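As structure tokens, the structure follows; a few thoughts come after it.
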Amino acid sequence: INLVGGEPTPNLHVILASLVRLNVNVPILWNSNMLCGPEAMKLLVDVVDIWLPDFKFGNNKCAERLTAGGVDYVGTVLSNLKLAQANGDMIIRHLVMPNHVDCCTKPVLDMIAHELDKDRLLVNIMGQYRPEHLVALWPGKWPDIARRPNRREMEEAFGYARALGILFEPVS
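Residues 1002 to 1173 (this note's numbering) are what the sequence shown spells out, left to right.
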């Protein structure tokens, strides 16, 4: 069962109640941006088998500017990734964004390599970013992300991950 967010935590009470009623033993996949609180993670570690988290931003400044922000993005996500890794298998997704390789992609990959057990996880380095929705409506507000990542940015991300010894090629 693939439980998908953004952040599916607001529905956690319904999700857990539904899982209790299942009469089958199936793997549970938590597909999330990992911005939930510690209370939610304490409940989730007992039911989730596979974690499919997003780790998008390498610093809180970019996270706040490009999202609704206001939280300690890096601290929250990294703490939740550590707890998730201790309690199941994990594939981390990182979306490479244009002009954010140095400020976001490289720091995310550094944290994965040095803060997590990189030998026990896969990283999906994705180049599918599209400047749609609000960026397409007001490209002048977010000029740094008003285009897709280019080949040089993707190769730089892949090369950096390779140099850190991160296993990404089977899933990227």
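Glycine included, C-beta positions come from ideal geometry on N, C-alpha and C. Owing to the predicted nature of the structure, the values given are computational and were not obtained by experimental measurement.
Three-way DSSP call (helix, strand, coil) for residue i in this model
{"i": "D1123", "result": "Sequence inspection shows Leu at residue 1123; the Asp mentioned does not correspond to that position. Residue state, collapsed to three classes: strand."}
{"i": "H1134", "result": "coil"}
{"i": "I1029", "result": "coil"}
{"i": "P1054", "result": "strand"}
{"i": "M1240", "result": "One cannot answer for residue 1240 here, as it falls past the ends of the chain, which runs 1002 to 1173."}
Distance CB(residue i)-CB(residue j) smaller than 8 angstroms
{"i": "F1056", "j": "V1097", "result": "no"}
{"i": "K1119", "j": "I1167", "result": "yes"}
{"i": "I1029", "j": "P1099", "result": "no"}
Start-to-end residues for the beta strand (DSSP E) that takes in residue i
{"i": "V1005", "result": "N1003 to V1005"}
{"i": "M1091", "result": "D1090 to L1096"}
Anticipated Cβ contact below 8 angstroms, residue i with residue j, distance rounded
{"i": "W1031", "j": "V1049", "result": "4 angstroms"}
{"i": "A1158", "j": "I1126", "result": "5 angstroms"}
{"i": "M1042", "j": "N1012", "result": "That pair is no contact at about 15 angstroms."}
Alpha helix (DSSP H) segment containing residue i, residue limits
{"i": "N1061", "result": "N1061 to L1067"}
{"i": "I1016", "result": "L1013 to R1022"}
{"i": "N1081", "result": "Y1074 to Q1086"}
{"i": "E995", "result": "This structure cannot speak to residue 995, because the chain is shown only from 1002 to 1173."}
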